[in-house]
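One structure below.
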Amino acid sequence: MAIIKDLGELYLAQNYKRFPVAFVRGKGSRLWDEEGREYLDFCAGIAVCTLGHAPEPVVSAIKEQAEKLLHVSNLYWTEPQARLAEILVENSFGERVFFCNSGAEAVEAALKLARRWSYLNHGPGKTQMVALENSFHGRTYGALSATGQPVYWEGFEPLVPDFVHVPPNDREALREAVNESTCAVILEPVLGEGGVIPLSREFLLEARSLCDRYQALLIFDEIQTGIGRTGHLFAYEHYGIVPDIMCLAKGLAGGLPLGAILAKEKVMSALTPGSHASTFGGNPVACAAAVAVMKIVLSEGFLEEVRLKGQALRKRLSALAEEFPDKVSGVRGLGLLLGLEVRIPAGDVVQALFERRVLATAPKTEVIRFSPPLTVAYREIDAVYEILREILKS
Ligand SMILES: *Cc1c(COP(=O)(O)O)cnc(C)c1O
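Everything in the sequence shown is counted per our numbering, starting at 14 for the first residue and increasing by one.
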């Protein structure tokens, strides 16, 4: 650890506050550090390691593809990219897919597609973007401008013009914000970095109907909620409300960098040759990994099992709220994206968990987020519950 940490501290940009550990290996929900100490991973790379660490079918798919072809330009076709697009379209509202490499890039692509669709269909000037306060969409300029958390803007302004932010679940504020000049409304069905805050069905219905009325596009950022995380393949299925554009990344390739946007043909057709592109987007190795991930997530009974595990974790967390009402106020979230609402600093609890070799995250000071691999075992859920109980007792 000492050497890796020392090297990192010497040479890396200091833009992360890191825990003092370097991981060298993982399997399932477990990680090992240099000294061979074992950790239980309920962070999963922030909802990235869909099937846990080193899942055999994904590792094999990566190896096989790496031996055949690492990269060609998007001037040519590759099989993994075409196959993955087919799987995504056959299992969603989407009809066409654009691939990129990360969440922020997916959001950029969605925002650019919305502006261009609006420009081609309604002429210039219909450019306003409505996003939510406390949202998180990424760190590039468009994504950052959509992100409704001014702390992330500090020192980076001016941002991309024409973004407005309204409070989540405030239908009245949304009605006031959306008008003829609105190009798109962008939101996360469950605000992840904002503190695991699910949007209400009423609010999403309002967003859908306002977008229809004003011919604006509804963008769901499902970068954190997609690929089975909430117990359905996509969170929009929970609500029965369909967006016009959906952003994916994090869990899509189970640990390799890959992002995507999905849309109906009539929307995606606004991207004509040369209008948008990505050198690495849809890389064959990343897409082969994603095909392997999708096959497992879509296999018989898998998502049902995620829902059951989500219920098991929720039940355990709710029991903590009952046992420690002075420290824990509740549980929120969907599926295996759950937040424990605490009255004590969440960072202290996450630190105490770390000392007991459990990884979790505190997106806000009042909430601890659990986003374990979707393959987490019930006994691992029980183990984390017991450890949390010990921490809250002391
Ligand atoms: C993580 C995240 C992003 C940004 O993804 P990056 O890959 O870090 O650029 C965007 N939106 C949501 C909802 C996210 O959770």
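Beta carbons are placed, not taken as given, at the ideal position from N, Cα and C, and that holds for glycine. Nothing here was measured: the structure is a model prediction, and the numbers come from that model.
Item: For L353 and P171, what's the separation of their Cα atoms in angstroms?; Value: 35 Å
Item: DSSP three-state call for C224: helix, strand or coil?; Value: helix
Item: Let me know if W130 comes out buried or exposed under the rule of 16 or more other beta-carbons within 10 Å of its beta-carbon.; Value: buried
Item: Just tell me which of Y132, L217, F149, V355 has its CA closest to the CA of T195.; Value: Y132
Item: Could you tell me whether the Cβ atoms of P413 and E146 are closer together than 7 Å?; Value: As displayed, the chain neither begins before 14 nor continues past 407, which places residue 413 out of reach and without an answer.
Item: Mark A15 as exposed unless 16 or more other C-beta atoms lie within 10 angstroms of its C-beta, in which case mark it buried.; Value: exposed
Item: Could you pull out every residue in the same chain whose Cβ sits closer than 6 Å to the Cβ of D43, ignoring the five residues on either side in sequence?; Value: The sequence shown places Arg at residue 43, rather than the Asp named in the question. Same-chain partners within the cutoff: E51.
Item: So Q94 is in the alpha helix (DSSP H); what residue range does that whole segment cover?; Value: 92–103
Item: May I have a chain-ordered list of the alpha helix (DSSP H) segments no shorter than 4 residues that lie completely inside the segment 286–374?; Value: 297–310, 315–336, 359–368
Item: Please go through the same chain and pick out, in chain order, the residues whose beta-carbon is closer than 8 Å to the beta-carbon of G294, but skip the five residues on each side of it.; Value: N87, F111, F112, C113, N114, E118, G272
Item: Taking all protein chains shown into account, do 16 or more other C-beta atoms lie within 10 angstroms of the C-beta of T285, making it buried, or fewer, making it exposed?; Value: exposed
Item: Whole angstroms are fine: how far does the CA of K322 sit from the CA of P386?; Value: 11 Å
Item: Can we count G268 as close to ligand 1, meaning its CB is less than 6 Å from some heavy atom?; Value: no
Item: Closest by CA to G360, which one among L372, P163, A303, A98?; Value: L372
Item: Give the straight-line distance between the Cα atoms of A79 and A301, rounded to the nearest whole angstrom.; Value: 9 Å
Item: CB G241 to CB V61, shorter than 7 Å?; Value: no
Item: Which residue comes first and which comes last in the alpha helix (DSSP H) that contains H251?; Value: 249–252
Item: So is the beta-carbon of A303 under 6 Å away from any non-hydrogen atom of ligand 1?; Value: no
Item: For a test of your reading of the model: does the CB of A159 fall under 6 Å from any non-hydrogen atom of ligand 1? Yes or no.; Value: no
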